[in-house]
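All residue numbers for the sequence shown refer to the working numbering, where the first residue is 158 and numbers rise by one.
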Amino acid sequence: MTEETTAHPHYDIAIIGGGPAGFTAGMYAARAALKTIAIAGDSTVSQVTITDLIENYPGIPDGINGFDLAERFKAQAVQFGLQTTSGDVTAIGRKKIGAWDGWEVVAGSIRYDALAVIIATGALWRRLGVPGEERFIGKGVSFCATCDGPFYRNREVAVVGGGDTAIQEALYLTRFAKKVTVIHRRDRLRATAILQKRALENEKIVFAWNSVVEAIEGENLVQKIVLKDVKSGATRELSADGIFIFIGLTPNTAPFRELVALDQGGYVTVDAHMQTSAAGIFACGDCTAKRLRQVVTACGDGATAAFSAQLYCEDLKGESY
Ligand SMILES: Cc1cc2nc3c(=O)[nH]c(=O)nc-3n(C[C@H](O)[C@H](O)[C@H](O)COP(=O)(O)OP(=O)(O)OC[C@H]3O[C@@H](n4cnc5c(N)ncnc54)[C@H](O)[C@@H]3O)c2cc1C
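Written out as structure tokens, the structure is:
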């Protein structure tokens, strides 16, 4: 912990993350009359905010834009008294708060003292690590079809990946692009059956099976993608104006590596109550080790984490009954 940091009044609960998990945890904690602050990242955004249409969140049968849904989550939590701020949290350390063993959360030059901490930092899309990828980010390489799809009206794009998100985004891109090539390293998709069916039946979508990206090339903008057939080893060029990469997530858990147990993929391991390996530290949402990373599961986790943190605080203060 640095000496120059600015102390804030202490909180019952500090939540790290301003996505569905963090704001749902914030709503539950604030509604339980716990003094709670949510710190949303400065250099990262909630994944839900880059999603065009959420059509599988219960109670909204017509679907909702991801950014709008995130704003609603925040407003609902704030209405119950959640305090919010922004900053990239870089460390959490032990801190004596009065008679209690609490925690100190450091975000830039500011530190927040809390009895319990909820980690809700989500995850970010993985990179291919091929030549041209970094150089052409924003010039044809994208990780967000919602943000960049409209730039590709009547043009040809590629989508890398075979899971739910890759196929969902490929389908979305057909609204703009005249041709969408799905590049997948296997000969079949991993996406759920309904999405597979929609993609296979969509005449704008073609598949480059058993293929991996070797390089992304162009002059100022992406013009072509070099593909390698994983079976034959043969390479070929695919003409494309854009490439959308959806090959998996990396959890935003680096600052907590020494603090709580992580699984092999770097996800925070939690029990059914969202308790981590450290007493008083809870985690929820996409940053945790779990099978389904969606808005609805992030919200459910957030509610559980807040309730567990509430019980932990009450126990610590001798207020439990
Ligand atoms: C393209 C796309 C389409 C999707 N489609 C759907 C869909 O149709 N339906 C669905 O249910 N889900 C969908 N998802 C998944 C959904 O967006 C996530 O499951 C959900 O956002 C997870 O919520 P979360 O709160 O765990 O994490 P996030 O929403 O990612 O929020 C993480 C928060 O933590 C913050 N943060 C990160 N690191 C730090 C740090 N060091 N310090 C402080 N703050 C930090 C970030 O800034 C952010 O505020 C989609 C995702 C993408 C990318």
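For every residue, glycine included, the Cβ atom is placed at its ideal position computed from N, Cα and C.
Rounded to the nearest whole angstrom, the CA to CA distance from Leu328 to Ile362 is 8 Å.
Separation of Gly405 and Ile275 (C-alpha to C-alpha, rounded to the nearest whole angstrom) is 24 Å. Minimum Cα-Cα distance from Pro177 among the listed residues Cys444, Gly475 and Ala466 corresponds to Cys444.
Considering only Asn367, Gly320, Ser434 and Thr410, the residue with the shortest C-alpha distance to Gly442 is Thr410.
The residue from Leu419, Arg355 and Ile294 with its alpha-carbon nearest to that of Asn377 is Ile294.
Looking only at Asp321, Thr241 and Ala350, the smallest Cα-Cα distance to Arg450 is reached by Asp321. In the DSSP assignment, Gly250 falls within the unbroken beta strand (DSSP E) covering Val246 to Ile254. Contact between Ala234 and Ala187 holds: their C-beta atoms lie close to 6 Å from each other, under 8 Å. Between the segment 347-364 and the segment 376-392, the count of C-beta pairs closer than 8 Å stays below three; the two stretches do not touch.
Ligand 1 has a heavy atom closer than 8 Å to the beta-carbon of Val246.
Contact annotation: the segment 381-401 touches the segment 354-373, with at least three C-beta pairs closer than 8 Å.
For Leu384, there is no enclosing alpha helix (DSSP H); the enclosing beta strand (DSSP E) covers residues Val379 to Asp386.
The alpha helix (DSSP H) runs of length 4 or more contained entirely in the segment 326-360 are, from start to end of the chain, 350-358. One alpha carbon belongs to Gly216, the other to Asn222, and they sit about 14 Å apart. Per the C-alpha coordinates, the member of Ala435, Leu239 and Gly279 positioned closest to Ser200 is Gly279.
Between the C-alpha atoms of Arg343 and Arg393 there is a straight-line separation of about 17 Å.
The Cβ atoms of Ala273 and Cys470 lie closer than 9 Å to each other. By the neighbour-count criterion, in which 16 or more other beta carbons inside 10 Å mark a residue as buried, Gln467 falls on the buried side. Excluding its 5 nearest sequence neighbours in each direction, Arg292 has no C-beta neighbour in its own chain below 6 Å. The continuous alpha helix (DSSP H) containing Gly183 extends over residues Pro177 to Arg188. Remark: the C-beta of Ile196 is in contact range of ligand 1, defined as less than 8 Å to any heavy atom. In this structure, Arg251 sits near Asp258, with a CB-CB distance shorter than 9 Å.
For Thr241, the CB stays at least 8 Å from every heavy atom of ligand 1. When secondary structure is reduced to three states using DSSP, Arg268 falls in the strand class.
At least one heavy atom of ligand 1 is found less than 8 Å from the C-beta of Gly179. Here Ser203 is buried. Its C-beta has 16 or more other C-beta atoms within 10 Å. The segment 396-475 is shown to contain whole alpha helix (DSSP H) runs of 4 or more residues at 452-474, in chain order.
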